[in-house]
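Worksheet: the structure to be examined is printed underneath.
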Amino acid sequence: MKPICTKTLTTRRLILRAPEVSDAPSLVAAGSLLMSENDARVRLSEMASEAAHPLGFHWVVALDGVAVSRIKGWEVSPFNGYVQLGYDIAPALRGKGLMTEAVGAVLRFLFDEAEANRVYCSVRAENIASYRVCEKNGMQLEGVMRQHYARQDGGYDDVRIYGILRDDMKED
Ligand SMILES: CC(C)(COP(=O)(O)OP(=O)(O)OC[C@H]1O[C@@H](n2cnc3c(N)ncnc32)[C@H](O)[C@@H]1OP(=O)(O)O)[C@@H](O)C(=O)NCCC(=O)NCCS
Numbered sequence: 018m019k020p021i022c023t024k025t026l027t028t029r030r031l032i033l034r035a036p037e038v039s040d041a042p043s044l045v046a047a048g049s050l051l052m053s054e055n056d057a058r059v060r061l062s063e064m065a066s067e068a069a070h071p072l073g074f075h076w077v078v079a080l081d082g083v084a085v086s087r088i089k090g091w092e093v094s095p096f097n098g099y100v101q102l103g104y105d106i107a108p109a110l111r112g113k114g115l116m117t118e119a120v121g122a123v124l125r126f127l128f129d130e131a132e133a134n135r136v137y138c139s140v141r142a143e144n145i146a147s148y149r150v151c152e153k154n155g156m157q158l159e160g161v162m163r164q165h166y167a168r169q170d171g172g173y174d175d176v177r178i179y180g181i182l183r184d185d186m187k188e189d
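In structure tokens form, the structure reads like this:
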């Protein structure tokens with residue numbers, strides 16, 4: 018992979034850019050960061066530093082100029098060329114295709130500019146909305162890790178792995 022860091026991306030409705038400490042009030046109000054504004058400032062400061070490092074991938078997603086969502090590329094392996102994605106969006110904005118649009122832009126960036134070979138998501142069982150974001154972006158269900166994530170009630174959830182390869186993007 019190329020040692021590049023988070024870059025601003027634009028889609029039809031969204032701007033994806035590196036996090037800023039000043040995003041704290043919007044992300045807390047939107048329910049994207051479930052913490053106090055002070056804790057959110059600390060977290061955003063860490064995210065901004067990570068986003069500035071080579072192979073640090075953190076985006077805040079803005080709709081109409083307001084930060085409403087986050088996408089993170091983590092567990093980056095430059096040797097193997099893979100990145101895991103995590104994301105969330107404000108509850109009031111779900112179901113409008115926004116995360117599908119944002120993830121599409123991130124995939125294009127990771128394959129075309131960062132030269133990743135593989136991108137994947139780990140999705141907790143029952144998270145149908147997240148399955149759909151993956152599927153609508155051409156990611157394939159590759160397998161299930163049984164009882165991989167603990168639940169608050171003491172039980173465990175299975176986790177689906179969705180992945181996409183650079184070769185898959187070429188076939189589109
Ligand atoms: C997962 C999440 C990011 C999706 O964002 P979003 O902007 O609502 O996603 P989109 O609108 O692009 O697509 C959602 C799809 O799921 C579908 N969907 C949502 N809830 C559903 C349900 N209970 N049953 C069936 N389909 C469902 C929507 O209809 C849509 O599919 P469609 O376009 O085929 O109709 C959002 O729900 C979220 O932030 N959840 C909490 C955090 C999270 O789970 N993150 C992912 C961790 S892997």
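For the record, in the sequence shown the residue sitting at position 102 is 119 according to our numbering, with numbers rising by one throughout. Note that CB positions come from ideal geometry on N, CA and C, so glycine has one too. Keep in mind that this is a model prediction, so the values were computed, not measured.
- For the options Leu115, Leu110, Tyr179, Gly112, the alpha carbon positioned closest to that of Arg141 is the one of Tyr179.
- Within the same chain, Cβ atoms closer than 7 Å to the Cβ of Thr23 are found at Ala35, Ala68, Gly73, Phe74, His75, Trp76, the five residues on either side in sequence being excluded.
- Around the beta carbon of Ile145, a 10 Å sphere encloses fewer than 16 other beta carbons of the protein chains shown; the residue is thus reported as exposed.
- Non-local beta-carbon contacts of Pro108 in its own chain, meaning distances under 6 Å to residues more than five positions away in sequence, involve Gly48 in chain order.
- Shown here, Phe96 sits in coil according to DSSP, grouped into three states, outside any helix or strand.
- Within the same chain, Ser43 come within 7 Å of Val83 by CB-CB distance, once the 5 residues on both sides are set aside.
- Secondary-structure assignment with DSSP links Thr27 through a beta bridge to Ile32.
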